[in-house]
Structure formats: C-alpha cells, structure tokens
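For reference, the structure discussed in these notes is given below.
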Amino acid sequence: TQLLEQSPQFLSIQEGENLTVYCNSSSVFSSLQWYRQEPGEGPVLLVTVVTGGEVKKLKRLTFQFGDARKDSSLHITAAQPGDTGLYLCAVPHRGKSTFGDGTTLTVKP
Amino acid sequence: ETGVTQSPTHLIKTRGQQVTLRCSSQSGHNTVSWYQQALGQGPQFIFQYYREEENGRGNFPPRFSGLQFPNYSSELNVNALELDDSALYLCASSSGQGYTGELFFGEGSRLTVL
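See below:
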C-alpha cells in the first residue's frame with residue numbers, strides 16, 4: 005500500500021491554463037513537502053507545510069495542507085512551459101523521506 | 035557553494051555484475067541519503083549515512099551497501115545486479131539538522147542492467 009497517493013498521474017495542458025494536483029493519505033503527518041523534478045535532474049524542494057490548513061504561495065504556485073494533515077494540494081495559476089516536470093510530495097523524516105510516485109505535468113506552448 | 039555531484043551519470047552493466055556509484059555532498063553537509071527511483075515512480079529510500087555510520091535503512095537487501103568518508107562523500111555499492119536494479123540512483127545531502135530539513139539532490143546516476 006502506497007503511503008502517499010498522488011493524482012492525477014499525468015497531466016498535459018496548454019500554456020495559460022490553471023491546474024491542481026493532489027497528494028492524499030490515510031495517515032496523519034506532522035509535515036509534508038513538495039518537490040519538482042525536471043528531466044535529467046534531481047528533485048528540488050519547493051515548500052514545506054507543517055500546520056493543518058496552512059496555505060503557502062510561491063509566485064504562481066499555491067500549496068495547501070489539509071486541515072486534518074492527511075492531504076495536500078498544489079495549484080498552479082497560468083501554467084508556463086517552464087512548469088513542466090514531475091511534482092512529488094514527500095513526508096520528511098530527518099533525510100529519510102517517503103515520496104509519492106508524483107504527477108508528471110506537461111505544459112504545451 | 036558546491037552542490038551535490040554524482041558519478042558516473044550513466045552506466046550499463048550486465049546481470050550478476052557489481053557497481054559502485056559515488057556522491058560528493060554539498061559543502062557543510064554531514065548527512066548523505068541514497069534513493070532509488072525506478073521509471074515512473076518516486077524516489078525510494080535506500081539508506082542514510084551520518085558521520086561515516088549507517089543511520090537508517092529502507093527495504094533493500096544486503097547486496098545494497100554503502101560507505102561514507104571523512105570528507106562526507108559517499109559510495110553506494112550494489113552486488114549481484116538484477117534486472118530490476120535498473121533505475122536512477124539519487125544521492126541527497128542535508129545538514130542533519132531538524133526533522134524537516136531540506137534534501138539537496140544530485141542529478142543522479144542512471145544504471146541500466148542488461
């Protein structure tokens with residue numbers, strides 16, 4: 005059983021569209037992280053959320069941690085081709101993180 | 035500040051062979067974690083090294099082993115390679131501080147086992 009379920013698995017959209025991807029679990033977490041991995045690169049941390057209901061914004065990206073701390077979402081406004089990549093959610097644990105299988109996002113010009 | 039570097043970037047081995055992958059951690063980081071990322075999946079934790087000692091291991095068999103050196107660089111060794119070992123192997127360094135400390139990943143070593 006996968007600890008973190010990410011959906012959708014694949015998403016292909018046109019430049020300028022909005023999108024939301026999800027990370028769900030039946031477990032409660034003290035914190036959750038989102039990473040982006042571009043082709044040929046390692047994952048890069050985007051954000052860490054620690055409080056239930058917390059909303060963090062990073063330019064056009066909005067991250068939300070569910071009130072019950074079991075789920076999280078990532079919303080991208082006006083997607084650009086540079087947003088293309090694999091979006092991974094992860095439960096951190098002193099460097100021994102557990103990752104979901106990610107959402108592969110393709111933004112077409 | 036030097037980032038995490040891994041070598042080699044790509045390699046091809048045959049079943050039953052052995053492989054060694056190398057990682058130089060980011061300056062100032064004393065903790066190195068190794069992950070395996072199979073095609074279409076997220077990274078899976080293999081093990082972590084802190085101050086030259088193994089500090090936690092994921093669900094991987096003993097033929098996956100590692101080392102950390104006094105300069106905090108690290109090696110991942112895999113013996114008796116199997117076809118399912120084909121994957122991207124990622125090294126991540128961290129400062130070891132805090133529960134949610136950021137992981138800094140290298141670009142990975144892509145291993146193909148034929």
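Residue numbers (this note's numbering), protein chains in the order written: chain F, 5 to 113; chain E, 35 to 148.
Each residue gets a CB set at the ideal place from its N, CA and C atoms; glycine is no exception.
The region 75–88 of chain E: which residues have C-beta closer than 7 Å to a C-beta of chain F, in chain order? GLN75, GLY76, PRO77, PHE79 and GLN82
Sheet register partners of E:PRO144 (DSSP bridge): Just to set this straight, residue 144 of chain E is Arg in the shown sequence, not Pro. In DSSP, E:ARG144 forms a bridge with E:HIS44 and E:LEU122.
Measuring CB atoms only, is the region 69–89 of chain F touching the region 25–36 of chain F, in the sense that at least three cross pairs come out at less than 8 Å? yes
According to DSSP, is F:ASP105 part of a helix, a strand, or is it coil? coil
Whole angstroms is fine: what's the gap from E:PHE79's alpha carbon to F:HIS97's? 11 Å
Does DSSP put E:GLY100 in a helix, a strand or coil? strand
Tell me the DSSP secondary structure of F:ASP75 in three-state form. strand
Which residues does DSSP pair with F:LEU8 in a beta bridge? In the DSSP output, where bridge partners are listed per residue, F:LEU8 has none listed.
Burial state of F:VAL59 (16 or more Cβ within 10 Å): exposed
DSSP has E:GLU109 in a bridge; who is on the other side? E:ARG56 and E:LEU101
Along the chain, where does the beta strand (DSSP E) containing F:LYS60 start, and where does it finish? 59–62
Interface residues of chain F around E:PHE98 at Cβ under 8 Å? Residues of chain F passing the Cβ test: none, with the nearest at roughly 15 Å.
Cβ of F:PRO113 less than 9 Å from any chain E Cβ? no
Would a C-beta distance cut-off of 9 Å place E:SER58 and E:THR39 closer than the cut-off? yes
With DSSP as the reference, identify every bridge partner of F:LEU49, one or two as the case may be. F:TYR39
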